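K.L.:
Here it is: the structure, laid out below.
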Amino acid sequence: MSVKLNQFSLFTLLFGALLSSFNTFAQAVKIHEGPSFRSGICEPSISVDPTNPMNVYAASILDNFYQSTDGGITWTQEKISSPYGVWGDPCIITDGNGRVYYFHLSDPEGTNWSSDQILDRMVCQTKDGPQGTFTDGSFTAVNGKKHDKEWAAIHPTKGTIALSWTQFDAYGTSDENCKSTILFSESNDGGQSWSEPVVITEQQGDCIDDDGTSEGAVPAYGIKNARYVGWALNGGIYFNRSLDGQHWEEIRVADQKDGWTQSYPGFNRANGMPVTVVDHCESSAFYGRVYVCWGDKDPLNGGEIWISSSDDAGG
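In structure tokens, the structure reads:
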């Protein structure tokens, strides 16, 4: 059943039917097996090369990089390094020239949480194709605050890269004077440099790194040069948009009953943060439609996956 909520049509995605339809055609391939205790390997990201679908790239925390040149049948694994440190939250994307981008958190001194500099910037390392070597990396502006949970998107025709993430005044504190916001930056030169980050959210969260913190920012480009970012805060899913790249508007998409930090048996924490994508296929009947997808938890039925869509740029 569909309902209207803040200009968005809302419906539950029936994952069971989708998964059963794929089961006949797909086989799971184990890329990497880590320890079963503590955190292990998690937070995976994956990207297919649009210039050659046989090239597939993936990453996991803290510093793992994987690649396949046979469409995902076999994989190689390596550890990446950077002068600015590699501290998890990997995001892998590939552009229209076959360049691979590996975004991650920073740890410049290499001493983790004992360092005041940890999480001081967002880092972007690149390499050109499967035979390339990763650069040391470019980075966003360093401003004395903490930067976490980034994600990136590429404009399908212009090649511009959008990057959004959470900025903490101070990470993990309950100090009410410390706030969290969502930042946005772009690169017009293949990830070599980044624009001055701007705060795009009207609301501010706390800095605890929980439901009351502004997190889960994922950007997407619209069909008319619009920029979109979906994110979560205090039991709500939000959608910020800029139609001109300068001015931003904030829209509440839906309630998130259990917040973005959710608990399930066998998991320490499962994040229900939203993902935003746009239909860029010109032959599609839904060309330009914006989709926001997120996880939630019902006290009786357990985990849920929701999708919201808009045909007027979220308006």
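Using the working numbering, read the sequence shown as starting at 942 and increasing by one per residue. Each residue gets a CB set at the ideal place from its N, CA and C atoms; glycine is no exception. Only a predicted model underlies this, so the values are computations on that prediction, with no experimental measurement involved.
(1) Since residue 1244 sits in a beta bridge, which residues does DSSP pair it with?
(2) Please classify residue 1102 as buried or exposed, where buried requires at least 16 other C-beta atoms within 10 Å of its C-beta.
(3) My guess is that residue 1169 and residue 1217 are in contact by the Cβ rule of under 8 Å, so how many angstroms apart are they, rounded?
(4) Residues in its own chain within less than 7 Å of residue 1095 by CB, not counting five upstream and five downstream?
(5) Using 8 Å as the threshold, is the C-beta distance between residue 1063 and residue 1075 below it?
(6) Quick check: residue 1236 and residue 1244, are their CB atoms within less than 8 Å of each other?
(7) Excluding five sequence neighbours on each side, which residues of the same chain lie with their C-beta closer than 7 Å to the C-beta of residue 1202?
(8) When you compare only the Cα positions, how much space is there between residue 1178 and residue 1057?
(9) Determine the DSSP secondary structure at residue 1166, reduced to helix, strand or coil.
(10) I need the straight-line Cα distance from residue 1127 to residue 1241, nearest angstrom please.
(11) Sort out for me which residues DSSP pairs residue 1211 with in a bridge.
(12) Would you kindly work out how many angstroms separate the C-alpha atoms of residue 1154 and residue 973, rounded to a whole number?
(13) With C-beta atoms as the reference, is residue 1158 less than 8 Å away from residue 1219?
(14) For the beta strand (DSSP E) holding residue 1193, just list the boundary residues, first then last.
(15) Is residue 1228 buried or exposed, if buried means 16 or more other CB atoms sit within 10 Å of its CB?
(16) Please report how far the alpha carbon of residue 1148 lies from the alpha carbon of residue 1016, in whole angstroms.
(17) Using 8 Å as the threshold, is the C-beta distance between residue 1059 and residue 1106 below it?
(18) Tell me the DSSP secondary structure of residue 1054 in three-state form.
(19) Does DSSP put residue 1158 in a helix, a strand or coil?
(20) With distances taken from CA atoms, which of 1000, 1002, 994 is nearest residue 1012?
(21) Given a threshold of 16 other Cβ atoms within 10 Å of its Cβ, counted over all protein chains shown, does residue 1224 qualify as buried or as exposed?
(22) Kindly indicate which three-state DSSP category residue 1069 falls into: helix, strand or coil?
(23) How many Å lie between residue 1138 and residue 1124 at the Cα?
(24) On the DSSP bridge list, what partners appear for residue 1219?
(25) Taking 8 Å as the cut-off, decide whether the C-beta atoms of residue 1250 and residue 1194 are in contact.
(26) Using DSSP with H/G/I as helix, E/B as strand and the rest coil, what is residue 923?
(27) Thinking C-alpha only, which one of 1214, 984, 1118, 1109 is nearest residue 1176?
(28) How big is the Cα-Cα spacing for residue 1000 and residue 1234?
(29) Given a threshold of 16 other Cβ atoms within 10 Å of its Cβ, counted over all protein chains shown, does residue 1092 qualify as buried or as exposed?
(30) Helix, strand or coil for residue 1149 per DSSP?
(31) Compute the beta-carbon to beta-carbon distance between residue 1196 and residue 1238, rounded to the nearest angstrom, for a pair I have assumed lies under 8 Å.
(32) Assuming residue 1075 is part of the beta strand (DSSP E), what are its boundary residues?
P.N.:
So, from the listed chains and residues:
(1) 1238
(2) buried
(3) 5 Å
(4) 1034, 1036, 1102
(5) no
(6) yes
(7) 1151, 1152, 1210, 1212
(8) 32 Å
(9) coil
(10) 42 Å
(11) 1203
(12) 31 Å
(13) no
(14) 1190-1196
(15) exposed
(16) 38 Å
(17) no
(18) helix
(19) strand
(20) 994
(21) exposed
(22) strand
(23) 6 Å
(24) 1231
(25) no
(26) The question about residue 923 has no answer here: the residues shown for the chain are numbered 942 through 1256.
(27) 1214
(28) 22 Å
(29) buried
(30) coil
(31) Actually they are not in contact, since the Cβ atoms of residue 1196 and residue 1238 sit about 12 Å apart, beyond 8 Å.
(32) No beta strand (DSSP E) holds residue 1075; DSSP gives it neither H nor E.
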